[in-house]
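Numbering (this note's numbering), first residue to last: 115 to 457.
Please read the structure below before turning to the comments.
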Ligand code: KG4
Ligand code: ZN
């Protein structure tokens with residue numbers, strides 16, 4: 115007899131994207147994301163504006179996800195919600211909404227860790243997404259985090275290394291700002307780099323022991339290099355934008371890949387996945403594919419829409435926890451936690 119697949123509504127509001135997704139088993143039925151362009155004006159996410167936009171977007175986004183999935187609200191078995199980490203004001207909007215809906219429908223509310231969800235996005239079922247088997251290594255690279263995680267199961271994940279200062283996405287965004295590019299600069303560096311030479315300019319790489327990362331030295335090295343070159347040639351950046359983007363991107367990706375290779379060597383794990391916003395980067399994707407061809411590792415690269423923040427990844431994580439039956443709490447005693455611990 116075929117057992118009924120759980121229908122999970124996922125909601126994400128940790129930063130500047132309001133998103134809702136509906137999942138039936140591992141199959142994605144809808145994933146709606148409302149991005150907030152308002153922050154471009156300020157060169158970074160303004161927390162107060164982000165929470166206001168979430169307030170405006172959350173109801174229409176959830177309704178749009180339900181409509182697209184053709185699922186009636188009464189058929190939802192559980193709601194998965196990003197509990198943290200993230201911006202307090204943003205998280206509170208999603209958590210309060212999810213709590214109220216779970217209470218009204220009398221169904222479980224499942225709190226989800228945003229970074230773990232980025233990793234489990236690999237298990238969203240659609241034609242182009244292939245899933246790793248356990249154990250695998252995952253490089254999670256976003257605007258706020260940079261980690262190498264050993265993933266033994268959907269609920270057992272160990273951080274092997276992490277950044278001691280800036281995150282990789284932050285390094286992209288800060289470098290882009292120095293080049294006069296608008297926020298978020300990561301995708302723009304990627305775009306300009308396509309016409310540039312990776313080796314045109316050289317920036318310092320950190321020497322950090324073990325599997326930890328550091329990007330603050332690179333930031334300083336770019337700052338001083340641009341300052342010195344602009345003294346000699348005021349329009350240095352404009353004239354060399356593509357080469358600068360390519361060289362900065364190459365340096366960040368080299369730092370990431372060298373630690374990932376070290377982690378694979380130390381653990382003997384040859385299934386490698388990437389996750390988080392920076393995993394959309396084309397140089398990172400290409401370098402991984404080249405490594406896979408050369409060294410017989412298998413790499414898992416998520417579809418673009420599952421790299422940046424989305425609720426499909428929250429729903430799939432909720433589904434795993436729902437099936438395990440262990441992370442369910444009464445819907446009234448969950449609160450947003452901007453610094454949610456990795457347990
Ligand atoms: O995971 P994410 O969407 O949000 C956070 O949880 O932080 O990651 C956002 C980060 C930003 O720093 C953005 O610049 C970076 O991901 N990013 C990229 C690319 N697309 C997004 N960085 C480099 N190349 C890209 N193509
Ligand atoms: Zn994220």
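We treat Cβ as the ideally placed atom computed from N, Cα and C, and that holds for glycine.
Small disclaimer: the values here were computed from a predicted structure and weren't measured.
Can you tell me whether residue i is buried or exposed, with buried defined as 16 or more other CB within 10 angstroms of its CB?
i           : result
residue 447 : exposed
residue 272 : exposed
residue 455 : exposed
residue 453 : exposed
residue 165 : buried
residue 214 : exposed
residue 187 : exposed
residue 423 : buried
residue 285 : buried
residue 304 : buried
residue 277 : buried
Taking C-beta to C-beta, are residue i and residue j nearer than 8 Å?
i           : j           : result
residue 232 : residue 389 : yes
residue 356 : residue 309 : yes
residue 264 : residue 383 : yes
residue 282 : residue 316 : no
residue 397 : residue 307 : yes
residue 229 : residue 254 : yes
residue 192 : residue 238 : no
residue 279 : residue 361 : no
residue 129 : residue 204 : yes
residue 401 : residue 367 : yes
residue 377 : residue 251 : yes
What would DSSP say about residue i, mapped onto helix, strand or coil?
i           : result
residue 262 : strand
residue 171 : helix
residue 270 : coil
residue 250 : strand
residue 454 : coil
residue 297 : coil
residue 422 : coil
residue 316 : coil
residue 154 : helix
residue 303 : helix
residue 276 : strand
residue 121 : strand
What I want to know is whether the C-beta of residue i ends up closer than 7 Å to one or more non-hydrogen atoms of the ligand MG.
i           : result
residue 256 : In the structure shown, the ligand MG is absent; the only ligands present are the ligand KG4 and the ligand ZN.
Who does residue i pair with in a DSSP beta bridge?
i           : result
residue 126 : 133
residue 388 : 253
residue 142 : 137
residue 413 : 386
Inside the region 208-234 only - beta strand (DSSP E) runs reaching at least 3 residues: 223-227
Runs of alpha helix (DSSP H) lying entirely within the region 318-385, each at least 4 residues, in chain order: 330-346 and 350-381
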